[in-house]
Amino acid sequence: MPNDLDPVDADSSPALPEAIPDHDGLLAARQSAVHAVLRHCATLAIDGPDAPAFLQGQLSNDVKALTPEKCQYTSYNTPKGRMLANFVLWQAGPESFRALLPAELAAGVAQRLRMFVLRSKVAIAEPGDARAAIGVGGPAAETVLANALGVAPPVFGVAAAGNATILALPGPRFIVVAPTAAIDEIGDRLGRHARPVGFAVWRWLTIDAGVPVVTAATQDQFVLQMANWDVLGGVSFHKGCYPGQEIVARTRYLGRLKERLYALHADVAAAPGTRLYSSVFGDQPCGTVVNAAPAPEGGWALLAVAQIAAAAARDLRLGAADGARLEHRALPYAIPAPPEPRR
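Every letter in the sequence shown is one number past the one before it in numbering that gives the first Met the number 0, and letter 212, counting from 1, is 211.
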């Protein structure tokens with residue numbers, strides 16, 4: 000595998016912006032359809048008779064709401080409510096669940112989950128290379144899936160296509176998870192209808208959908224509402240306890256949320272973890288880049304968590320108080336107004 004810091008490999012890192020943007024691929028992603036092997040993602044398997052109850056007590060969303068035809072966004076948090084990972088979860092069987100998350104986080108998440116298995120009848124497998132994933136996105140993605148694999152489920156739907164599982168996500172975006180040995184053949188079928196691209200274009204599609212992805216650079220930094228994870232359906236406020244639940248609930252019901260996720264555009268490169276500044280806060284950082292990717296119109300598309308007051312001033316700067324000015328872009332969903340604090 001190439002060195003993740005090698006600027007020659009335009010797809011080498013899941014976090015860093017690329018030195019050589021794929022302009023044709025980005026244009027296809029905006030206007031038609033593309034497909035990309037998600038080689039920076041890993042599938043985590045959680046199996047066993049107690050797996051449903053175990054995950055219900057560990058993750059932010061309502062695992063009991065899953066069916067074989069439905070997937071969901073969820074997150075794994077610290078006791079202080081900060082996200083260690085956020086991902087899509089689906090049911091592979093009555094006692095089997097699968098999670099797709101950044102490969103750089105998968106082993107650590109698996110290890111931490113095992114710490115809480117105790118006497119539960121749950122097995123959490125080491126992330127391996129037996130299965131791989133392909134992302135399909137763009138305005139024509141649904142048609143591409145239907146033509147290439149015979150089925151395209153609705154958003155947050157799950158469908159089978161032979162030995163592959165298709166997950167539908169907002170965007171429109173689809174993820175095809177299959178045995179690694181079958182990925183090339185699936186890619187060939189998709190390639191008849193969609194342009195093959197690198198992971199960076201898929202990252203732009205995810206940013207364009209307003210969906211943040213926690214990476215190693217941003218672990219343990221955001222309460223899930225800061226990342227709009229509540230707006231995106233990644234949390235249930237009606238289920239029982241899970242790590243960080245008290246903080247998440249307090250943030251919702253006491254109206255103490257001071258940060259949100261914003262879509263931004265930069266004329267210069269940015270990387271996850273880069274701090275944001277504003278004249279409202281002087282020399283103190285007021286936000287953090289979550290994800291970045293080259294944009295079809297040039298420059299870089301960003302998702303960043305920022306202080307609401309700083310974002311309202313429309314004077315966000317990248318990396319320093321006198322850094323490059325960031326332009327706001329519209330998210331594809333509405334952010335609700337914060338509730339009045341309870342007295």
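Virtual Cβ for every residue (Gly too), placed ideally from N, Cα, C.
query = Between P126 and A102, which are expected to be in contact by the criterion C-beta below 8 Å, what is the C-beta distance as a whole number of angstroms?
reply = 7 Å
DSSP three-state assignment for P1, whether helix, strand or coil = Note that P1 scores a pLDDT of 31, beneath 50, so its modelled location is shaky and nothing firm can be said.
request  = Return the bridge partner residues of L166 from the DSSP annotation.
outcome  = V157 and I174
task = Rounded to whole angstroms, what's the CA-CA distance from A309 to T273? Just pull it up for me.
result = 16 Å
message = Could you check whether A305 and G286 sit closer than 8 Å to each other, using their CB atoms as the reference points?
response = yes
Beta carbon of L166 nearer than 8 Å to that of V230 = no
ask   = Grouping DSSP H, G and I as helix and E and B as strand, with all else coil, what is F86?
value = strand
request  = Report the option in Y332, L112 and P284 whose CA atom is closest to the CA atom of N76.
outcome  = L112
task = Rounded to whole angstroms, what's the CA-CA distance from V135 to G281? Just pull it up for me.
result = 42 Å
request  = Quick one: grab the DSSP three-state call for D183.
outcome  = helix
ask   = Between L83 and P211, what straight-line distance do the alpha-carbon atoms span, to the nearest angstrom?
value = 13 Å
ask   = Residues in its own chain within less than 7 Å of P178 by CB, not counting five upstream and five downstream?
value = A129, R130 and N162
query = If you run the structure through DSSP and keep just helix, strand and coil, what is N146?
reply = helix
inquiry  = Mapping the DSSP letters down to three states, classify K63 as helix, strand or coil.
reply    = helix
query = Between which two residues does the alpha helix (DSSP H) containing Q244 stretch?
reply = Q244 to Y252
ask   = What span of residues does the alpha helix (DSSP H) with E296 cover, start to end?
value = It is not in any alpha helix (DSSP H) - E296 carries neither H nor E in the DSSP assignment.
message = Spatial neighbours of I206 within its chain, please: C-beta separation below 6 Å, excluding the five flanking residues on both sides.
response = N290, A292, A300 and L302
query = DSSP on A333, reduced to helix/strand/coil?
reply = coil
key: Rounded C-alpha distance that separates L330 from G209   = 6 Å
inquiry  = Let me make sure I understand the geometry here. Which of R251, A268 and I133 has the alpha-carbon closest to that of G80?
reply    = R251
query = CB K257 to CB D61, shorter than 8 Å?
reply = no
inquiry  = Using 8 Å as the threshold, is the C-beta distance between P51 and P242 below it?
reply    = no
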